[in-house]
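Here's the structure we're looking at; comments come further down.
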Amino acid sequence: MNYDELEVRPGARVRLSALGKERCPKFKTDTGVVLGRMGSSSIRVKFDGTKEPRTIHLSYVEFAS
1 MNYDELEVRP GARVRLSALG KERCPKFKTD TGVVLGRMGS SSIRVKFDGT KEPRTIHLSY
61 VEFAS
């Protein structure tokens, strides 16, 4: 997948994908808000109920509608 072409907007709601849940089992919640893009294939997400944002790969999230 070409992540450069994917439009990522700050404020968009996301949830962990199946791959994200498998690779990040210690995350307490699986939904959050995009804060911004970090490079071509990573985003900064503030998950619900957490104090600090996390940087994760785009393949670990699905955009909520």
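Heads up: the sequence shown at position 48 corresponds to 48 in the UniProt record's numbering, and the numbers run straight through without jumps.
Even for Gly, the Cβ is constructed at its ideal location relative to N, Cα and C.
On a predicted model such as this, the values are computed, not experimentally measured, just so you know.
**Q.** Sequence-distant residues of the same chain with beta carbon closer than 8 Å to V61, five excluded per side
**A.** V14, R15, L16, S17, G20, I43, V45
Q: Give me whichever residues DSSP pairs with T31 in a beta bridge.
A: R15
(Q) Suppose you measure from the CA of E5 to the CA of A64; what does that come to, to the nearest Å? (A) E5 and A64: Cα-Cα distance of roughly 18 Å.
(Q) Here's the rule: buried if 16 or more other CB atoms are within 10 angstroms of the residue's CB, otherwise exposed. What is G32? (A) buried
(Q) Please identify the residue among D48, V34, G49, T50 whose C-alpha is closest to the C-alpha of I56. (A) V34
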